[in-house]
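Peer 1:
Structure follows, in structure tokens:
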């Protein structure tokens with residue numbers, strides 16, 4: 003099993019996970035996806051969240067913020083969507099995307115677990 007497959011499997015093992023992807027934000031393409039919901043199109047989510055990631059990076063640059071993004075949280079009435087940039091040297095330009103069922107997840111624990119998965123990922 004590849005490192006990415008393992009990361010996706012670990013992401014989907016987080017309580018409440020309904021979809022996970024590893025995305026290249028330069029191209030907007032998902033390099034890997036795993037999901038349990040037919041209602042969540044991970045290809046569309048990858049492309050759309052690429053725009054969110056790019057917009058935040060542009061804004062930080064325009065504000066001259068010398069900081070890095072830990073994660074971006076989008077809160078919906080029934081779901082949480084977490085975007086986490088991958089910081090490893092070999093995985094620059096990628097982000098992890100995780101969609102969670104809000105009623106079945108623990109946001110703090112999910113963020114903690116996602117941080118560990120991101121740290122171990124090498125693509």
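Residue numbers (this note's numbering): 3 to 125. Cβ atoms here follow ideal geometry from the backbone N, Cα and C, with glycine treated the same way. Bear in mind the structure is a predicted one, so any value in this text is a computation, not a measurement.
Below 6 Å CB to CB, which residues in the same chain sit around residue 83 once its five sequence neighbours on both sides are set aside?
Peer 2: Reading the chain shown from its first residue, position 81 is the one you call residue 83. Hits under 6 Å: 76, 101.
Peer 1: In this structure, does DSSP put residue 71 in helix, strand or coil?
Peer 2: As a first step, residue 71 is located in the chain shown; it is residue number 69 there, counting from the start. DSSP places residue 71 in coil when its eight states are reduced to three.
Peer 1: In chain order, what are the residue ranges of uninterrupted beta strand (DSSP E) at least 3 long that sit wholly in the region 83 to 107?
Peer 2: Segments of the beta strand (DSSP E) lying fully in the region 83 to 107: 96 to 103.
Peer 1: Would you say the region 39 to 47 touches the region 58 to 75, given that touching needs at least three Cβ pairs under 8 Å?
Peer 2: Touching, no.
Peer 1: At which residues does the beta strand (DSSP E) containing residue 25 begin and terminate?
Peer 2: As a working note, residue 25 is residue 23 in the chain shown. Counting along the chain, the beta strand (DSSP E) containing residue 25 begins and ends at 19 to 26.
Peer 1: What three-state label does DSSP hand residue 36 in the structure shown?
Peer 2: The residue given as residue 36 occupies position 34 in the chain shown. Here residue 36 sits in strand by DSSP.
Peer 1: In angstroms, rounded to a whole number, what distance separates the CA positions of residue 18 and residue 65?
Peer 2: As a first step, residue 18 must be located in the chain shown, where it is residue number 16. As a first step, residue 65 must be located in the chain shown, where it is residue number 63. Those two C-alpha atoms are separated by around 35 Å.
Peer 1: Would you report the Cα separation of residue 78 and residue 124, rounded to the nearest angstrom?
Peer 2: As a position in the chain shown, residue 78 is number 76, starting the count at 1. As a position in the chain shown, residue 124 is number 122, starting the count at 1. Taking the straight line from one Cα to the other gives about 30 Å.
Peer 1: Nearest-angstrom Cα distance between residue 106 and residue 72?
Peer 2: Looking up residue 106 in the chain shown gives position 104. Looking up residue 72 in the chain shown gives position 70. Distance between the alpha carbons of residue 106 and residue 72: 23 Å.
Peer 1: Within 10 angstroms of the Cβ of residue 22, are there 16 or more other Cβ atoms? Answer buried if so, exposed if not.
Peer 2: Reading the chain shown from its first residue, position 20 is the one you call residue 22. With 16 or more other Cβ atoms within 10 Å, it is buried.
Peer 1: Looking at residue 33: is its Cβ nearer than 8 Å to the Cβ of residue 20?
Peer 2: Here the question's residue 33 lines up with position 31 in the chain shown. Here the question's residue 20 lines up with position 18 in the chain shown. Cβ atoms of residue 33 and residue 20: not closer than 8 Å.
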